[in-house]
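Report on the structure given below.
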Amino acid sequence: MPEIKVTPLGAGQDVGRSCILVSIGGKNIMLDCGMHMGYNDDRRFPDFSYITQNGRLTDFLDCVIISHFHLDHCGALPYMSEMVGYDGPIYMTHPTKAICPILLEDFRKITVDKKGETNFFTSQMIKDCMKKVIPLNLHQTVQVDDELEIKAYYAGHVLGAAMVHIKVGSESVVYTGDYNMTPDRHLGAAWIDKCRPDILISESTYATTIRDSKRCRERDFLKKVHESIERGGKVLIPVFALGRAQELCILLETFWERMNLKAPIYFSTGLTEKANHYYKLFITWTNQKIRKTFVQRNMFEFKHIKAFDRSYADNPGPMVVFATPGMLHAGQSLQIFKKWAGNEKNMLDVKMQVEYMSFSAHADAKGIMQLIRMAEPRNMLLVHGEAAKMEFLKGKIEQEFSIDCYMPANGETTSVITNPSVPVDMSLNLLKREMALGGPLPDPKKPRAMHGTLIMKENSLKLVSSEQALKELGLNEHQLRFTCRVQLQDPHSDSDTLHRIYTHLKSLLKDYTIQHLPDGTVMVESIVIKVSSSAEDANSKVLLLSWSYQDEDLGSYLSSLLKKGLPT
Amino acid sequence: MGVNTYPCAPDQQTAQNIFFYYFVMEILTLLISEFTVCVAGYDSSKNEILELCLPLKLLADEKKGLCAERDFKVVHGGFSEGPIRCLRHVPGTRCMVTNDGQSSDLQLWDLGGDDSDVIRRTGSIQGSSVSQTGSRIAAPLSAIPQVLHGAQSSSVQLTHLSSRQTLYKLEADSAEPLSALKFVGDTVFLASCCNGSVYMADTRTSAAPQVSAPPSGESLQWWTDASAAPQSCCKVLRLSSSGQAVVSDLRNLEEPVCTARLDIQMAPCRPCDVTVWWAPVLEGCFSVSGFSGLIQIYDTRGWRTELQDAQPLFQHSGHAVSSPHAADTVPTFITSHAWHPERPRTLLSAASDGSVHVWDWVEPQRD
Chain A
30 MPEIKVTPLG AGQDVGRSCI LVSIGGKNIM LDCGMHMGYN DDRRFPDFSY
80 ITQNGRLTDF LDCVIISHFH LDHCGALPYM SEMVGYDGPI YMTHPTKAIC
130 PILLEDFRKI TVDKKGETNF FTSQMIKDCM KKVIPLNLHQ TVQVDDELEI
180 KAYYAGHVLG AAMVHIKVGS ESVVYTGDYN MTPDRHLGAA WIDKCRPDIL
230 ISESTYATTI RDSKRCRERD FLKKVHESIE RGGKVLIPVF ALGRAQELCI
280 LLETFWERMN LKAPIYFSTG LTEKANHYYK LFITWTNQKI RKTFVQRNMF
330 EFKHIKAFDR SYADNPGPMV VFATPGMLHA GQSLQIFKKW AGNEKNMLDV
380 KMQVEYMSFS AHADAKGIMQ LIRMAEPRNM LLVHGEAAKM EFLKGKIEQE
430 FSIDCYMPAN GETTSVITNP SVPVDMSLNL LKREMALGGP LPDPKKPRAM
480 HGTLIMKENS LKLVSSEQAL KELGLNEHQL RFTCRVQLQD PHSDSDTLHR
530 IYTHLKSLLK DYTIQHLPDG TVMVESIVIK VSSSAEDANS KVLLLSWSYQ
580 DEDLGSYLSS LLKKGLPT
Chain B
23 MGVNTYPCAP DQQTAQNIFF YYFVMEILTL LISEFTVCVA GYDSSKNEIL
73 ELCLPLKLLA DEKKGLCAER DFKVVHGGFS EGPIRCLRHV PGTRCMVTND
123 GQSSDLQLWD LGGDDSDVIR RTGSIQGSSV SQTGSRIAAP LSAIPQVLHG
173 AQSSSVQLTH LSSRQTLYKL EADSAEPLSA LKFVGDTVFL ASCCNGSVYM
223 ADTRTSAAPQ VSAPPSGESL QWWTDASAAP QSCCKVLRLS SSGQAVVSDL
273 RNLEEPVCTA RLDIQMAPCR PCDVTVWWAP VLEGCFSVSG FSGLIQIYDT
323 RGWRTELQDA QPLFQHSGHA VSSPHAADTV PTFITSHAWH PERPRTLLSA
373 ASDGSVHVWD WVEPQRD
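Protein chains in written order, with the working numbering: chain A, 30 to 597; chain B, 23 to 389.
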């Protein structure tokens, strides 16, 4: 049976890195190639031994697709392509292609230069890896080869994030990457058409979560920031330069305007400019509101948010600083921030508290159900979840949509049997012949059985009449005839026995053409019956039945019938 | 009076915490414990019961800042053939008892343990009367596998969970529909009727129950709650459909301790939605919902025996204001609410638009 195989790489309950292998229609595709941020050794890279024990991956993969620029989805890409070895195509959206190398380089710098680690990819490797990238546009079908095609859909979540539709013949899979079903201040919500893939693959990390509303989250954040600023304190917000930071910038900017606040907000230099540059460049990837206001003013050019300089850290009074990992690792900045924290101990007023706030934009339980409703997959597959903790969600999906829900563990392969329709060309002659047989016109809802010969040549399938097939293939037709002897006790003459047989069959087989021919045979359709007497005993008759292969069923039936004897 | 309205700037807020959630389904009832809340509700096609872990950020207290988690986590879930309007947990077990609000039968459920996240139906208990408003259920205060239930005063019975044996029946002289059923001691319980009368009985004895007549002669609808204080100072609150609240001592239900007319705006939308609870920690305070899109908190400690108007100590209007259907003609009404058993000022409320809020307020400065 045709099947699609899905294997999330990784081991056990390991969450925090995405790298999924899909085998579909003879093609092998790698979805994402993430780094596990929790490990400091080789465990942070996916284990590619599932694909091949040693050697390069080029021969084993038809393509690699990266959903977005977060390191847990693309962090291991240079390692895979340059250190393990892969020279085939790597697909990702334009913004992902632009931003990925920046984050990879930033991360490489911190890991190697600051932490002094070895066995990590180099700057040149990142560059070489990106040379293999083919950028994707939204909703544009790309032919990877003759049989494999892919299409990207908007996923929300971060700039350039995409869900991917993968099709080989009539089998297809959609991989969501990370997505968000609710729009936010700078990105729209994920969207896909009713593409009805055989499998919809999604993360289940947040599947059992019911999210607190964004407004409450923001209200909590703004309240804390405002309270600190009112007390004259300094607020340090560690963020990654690209991603949620833009959302928080817009949030703070809007709040500062509304409340008429004067305290300065700073963002790290270098990366800010790059980030804003990309958001302006890829304005079509942001949401409608931003695109509309962009005509009047650029929403990423902030009135209240300025570039940070190390000397500002000593300024008295309140301020808000967005600090990127690079800044926090850099020597001088780190000291300054430590000094801020140190003040807390000396003052009665607590000027620096630590608050963790989660602003990530992921789909929750409701979001997953919404996406299934949109795409209408035939099967659902959730990765990165514990099966025992997901039985209820599985039941919910199966009940509401009547589809199977699979939950492979990391390193485990799930095979989903598909039922693809195989398109076949039919010759005109055969079609005419079928039409001549009468009956209802061909209807996709009412399948009709027919006879023909299927010829498979190269990649095409053709349905033709037997004669045409024989001619095309240069073969001679062979006729198969069966002969059967039946012994019968009958005292009558041969011709009388034959006549009795004729009458008997005529009474029983009313729907069939039965003839008593002058040459001394009875014919039932094309089956020939002859009677002859045994040499030793005139009362013992031998019936000879002969039929061609096509009438096998009727022939067998007649022989069993006649073996029972004739009525007196 | 503090008002928890949304949206507004932080300096107008008196709440410390607000968490808003939107469920796809309408939550009909909820039951809160220290770390979890069970909700039951339905959308167009199915009824669900969910056990949710409360957001860690709410529970973290001193370490609150270090906790980013603001979300509910579904720890167990199950499907129900019929709606669930009343939900009680049997202490010391993972057993839930529910009623659909349309008959007097009860359903039993196993909430599930660590090995599975599915809530399964394990059986049912037949009620002894025909009802259209459903049965009230009272779980014992300690871990005994029994449940007290009934739809009318004449059909209140104590049933053993596993044997299904009827251990006790209330000898009532009339068949009034019940509005509440609650244990106030290990074996002493109150059965409160919709007409305002209250029966007090002991499941150990077959002695006739004490009956207390409705606080006023008018034929109104009444809702009742008894405080969880030890029996000696247990207070009983009765609220009428005209907005009058009457507080009595359990030992002397006929003589009200104090009374007041509440600031209730509209007639109740659905009588079965009106919920009245004594605060488990804040002495003398109670909450009321079901009369509009608000939940109001009142403090009875200033009340007197003469009837006068009372203003709420606090009012949560988040459901009415922030509803996605705020523009529609159908108003949002509160279907259920509950106090957190340990945190003095934390409540959970659910509304007809599928919203569930967890909220609290800051103690206003006393003069």
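Just so it is clear, CB atoms sit at the ideal spot from N, CA and C, and this is done for glycine as well.
Being a predicted model, the structure only gives us computed values, none of them experimental.
Close to A:R240, with beta-carbon spacing below 9 angstroms, are these residues of chain B in chain order: Y43, Y44, R92, D93, F94.
Under the three-state reduction of DSSP output, B:P278 falls in the strand class. Fully enclosed beta strand (DSSP E) runs of no fewer than 3 residues occupy 108 to 111, 117 to 121, 128 to 132, 142 to 147, 158 to 160, 168 to 172 of the segment 105 to 173 of chain B, in order along the chain. Under the three-state reduction of DSSP, A:M112 is assigned to helix. The criterion of a C-beta distance shorter than 9 angstroms is not satisfied by B:T155 and B:C280. Within the same chain, and ignoring the five residues on either side of B:L52 in sequence, the residues whose Cβ sits closer than 7 angstroms to its Cβ are V59, C60, V61, S358, A360, L370, A372. In the structure shown, B:R283 adopts extended strand secondary structure according to DSSP, grouped into three states. The Cβ of B:G100 sits closer than 9 angstroms to at least one Cβ of chain A. DSSP, read as helix, strand or coil, puts A:Y295 in strand.
Under a criterion of Cβ atoms nearer than 8 angstroms, the residues of chain A adjacent to B:V140 are, in order, E420, F421, G424. One alpha carbon belongs to A:G84, the other to A:V113, and they sit about 7 angstroms apart. Within 10 angstroms of the beta-carbon of A:P406 lie 16 or more other beta-carbons, which makes it buried.
Under DSSP, no beta-bridge partner is assigned to A:V44. At a cut-off of 9 angstroms between beta-carbon atoms, B:P77 makes contact with chain A. At a cut-off of 9 angstroms, the C-beta of A:K474 has no neighbouring C-beta in chain B. Listed by position along chain B, the residues whose Cβ is nearer than 7 angstroms to that of A:K395 are V46. Beta bridge pairing from DSSP links B:R326 with B:T281.
Among the residues of chain A, those whose CB is under 9 angstroms from the CB of B:L74 are I239, following chain order. In the structure shown, B:L272 adopts coil according to DSSP, grouped into three states. Chain order gives the chain B residues near A:R246 as R92, where near means a beta carbon separation below 8 angstroms. For B:F205, the enclosing beta strand (DSSP E) has its first and last residue at 200 to 205.
In this structure, B:S249 lies away from B:R260, with their beta-carbon atoms at least 9 angstroms apart.
Excluding five sequence positions before and after A:C434, the CB atoms of its chain that fall closer than 6 angstroms to its own CB belong to M409, K423, I426, E427, given in chain order. Proximity of A:Q153 to chain B, defined by a Cβ-Cβ separation below 9 angstroms, is not satisfied. Under the Cβ criterion of 9 angstroms, A:M159 is not counted among the residues facing chain B. Under the DSSP assignment, A:E247 falls outside any beta strand (DSSP E), being part of the alpha helix (DSSP H) whose first and last residues are 243 to 259. Annotated three-state conformation of A:R214 is coil, per DSSP.
Identification of residues in the segment 170 to 194 of chain B having a C-beta nearer than 8 angstroms to some C-beta of chain A yields an empty set. For B:D137, the chain A residues whose Cβ falls inside 9 angstroms of its Cβ are A417, in order along the chain.
Any Cβ of chain B closer than 9 angstroms to the Cβ of A:M436 would place that residue at the interface, and such an atom is absent. A:M398 has a beta carbon lying within less than 9 angstroms of a beta carbon in chain B. A:V412 sits close to A:S233, with the two beta carbons spaced by under 9 angstroms.
DSSP, read as helix, strand or coil, puts A:D101 in helix.
Contact of B:I40 with chain A by beta-carbon distance below 7 angstroms involves C245, R248. Three or more beta-carbon pairs separated by less than 8 angstroms are not found between the segment 157 to 168 of chain B and the segment 438 to 445 of chain A, which leaves the two stretches without contact. Looking at B:L329, B:E305, B:Q337, B:A332, the one whose alpha-carbon comes closest to that of B:Q318 is B:Q337.
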